[in-house]
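Inspection log for the structure reproduced underneath, given as structure tokens.
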Amino acid sequence: MQDISSEIIFQTSRSGGKGGQNVNKVETAVIGSFNIDSSALFNQYQKDILKQKLANRINKDGFLQVKSQVHRGQMANKEEVIEKMNDLIKNSLRKKKPRIATKPSKLSQEKRLEWKKRQSEAKLGRRKYRGES
């Protein structure tokens, strides 16, 4: 897995929330943008997979965007953006394991049927008695 930090475009802005005196002067929030189409790190097949799996995070210009404002320092938020983006891409390119169809065991089927019988008997006992008329 390659590190995509060289192709990320960073923007800074003021973080929201509490901050006291620094809230109006320090730009600590970091937004990282990564253009999947112009990336030289991935082949076309990988780009198509990324666009498909990360469609809800890609804006109309084709940039994958991640924002971080959890830390008080800009560099820490920048590292957080790089880490989040690398994780997103790594998880998107991971191949899904094929599901292996299995059947329930004999014992589990018997247990299920026994439970159903007990349930129906309990519910039968709750019915109102209707005498012969």
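Every letter in the sequence shown is one number past the one before it in this note's numbering, and letter 56, counting from 1, is 56.
Quick reminder that beta carbons are idealized off the backbone N, C-alpha and C, glycines included.
Source: prediction; values computed, not measured.
Query - Candidates LEU93, VAL26 and GLN119, of which the one nearest SER13 by Cα - result: Counting from 1 along the sequence shown, the entry for residue 13 is found at position 13. The candidate whose alpha carbon is nearest that of SER13 is VAL26.
Checklist entry - Helix, strand or coil: which one does DSSP assign to LEU64? => result Along the sequence shown, read from residue 1 onward, the residue named residue 64 stands at position 64. In this structure, LEU64 counts as strand in the three-state DSSP scheme.
**Asked** Which value, in whole angstroms, describes the spacing of the CA atoms of VAL70 and LYS90?
**Response** Here the question's residue 70 lines up with position 70 in the sequence shown. Here the question's residue 90 lines up with position 90 in the sequence shown. VAL70 and LYS90: Cα-Cα distance of roughly 22 Å.
key: Proximity to ILE8 [Cα-Cα], best of LEU50, ALA101 and ILE36   = Against the sequence shown, residue 8 aligns to sequence position 8. Ranking the options by Cα distance to ILE8, first place goes to ILE36.
Practice item. Check GLN11 in the structure and name its three-state DSSP category. Key: Locating residue 11 in the sequence shown gives position 11, where the first residue counts as 1. Strand.
Open item on the list: Quick check on this structure: which residue in THR28, LYS117, GLU79 and SER15 has the alpha carbon closest to the alpha carbon of ASP3?
Closed with: Taking the first residue of the sequence shown as 1, we reach residue 3 at position 3. Per the Cα distances, GLU79.
Under 9 Å, do GLY32 and GLN65 count as touching if we go by C-beta distance?
Along the sequence shown, one-based indexing puts residue 32 at 32. Along the sequence shown, one-based indexing puts residue 65 at 65. Yes; because the gap between Cβ atoms is below 9 Å, this pair is in contact.
Output the distance between the C-alpha atoms of SER92 and GLN44, rounded to the nearest integer angstrom. Position 92 of the sequence shown holds residue 92. Position 44 of the sequence shown holds residue 44. When only Cα atoms are considered, SER92 and GLN44 end up about 14 Å apart.
Would you tell me roughly how many angstroms separate the C-alpha atoms of LEU113 and VAL81, rounded to the nearest one?
-> Position 113 of the sequence shown, counted from the start, is the residue given in the question as residue 113. Position 81 of the sequence shown, counted from the start, is the residue given in the question as residue 81. Going by the C-alpha atoms only, they are around 53 Å apart.
Hey, how far is the Cα of VAL30 from the Cα of MET75? Taking the first residue of the sequence shown as position 1, residue 30 is located at position 30. Taking the first residue of the sequence shown as position 1, residue 75 is located at position 75. One Cα belongs to VAL30, the other to MET75, and the distance between them is close to 9 Å.
(message) Using the Cβ count rule (16 or more neighbours within 10 Å means buried), how would you classify ASN59?
(response) Residue numbering aside, residue 59 sits at position 59 when the sequence shown is read from its first letter. Residue environment: ASN59 is assigned as exposed (fewer than 16 neighbouring CB atoms within 10 Å of its CB, all protein chains considered).
- Going straight from the alpha carbon of ALA55 to that of PRO98, what length do you get? Stepping through the sequence shown from its first residue, residue 55 is reached at position 55. Stepping through the sequence shown from its first residue, residue 98 is reached at position 98. Cα to Cα, the separation comes out at about 23 Å.
Cα separation between PHE63 and LYS103?
For the purposes of this step, residue 63 is taken as the residue at position 63 of the sequence shown. For the purposes of this step, residue 103 is taken as the residue at position 103 of the sequence shown. Computed Cα separation, rounded: 44 Å.
### Query
In terms of residues, what are the limits of the alpha helix (DSSP H) holding VAL134?
Residue 134 lies beyond the stretch modelled for the chain, which goes from 1 to 133, so this question has no answer here.
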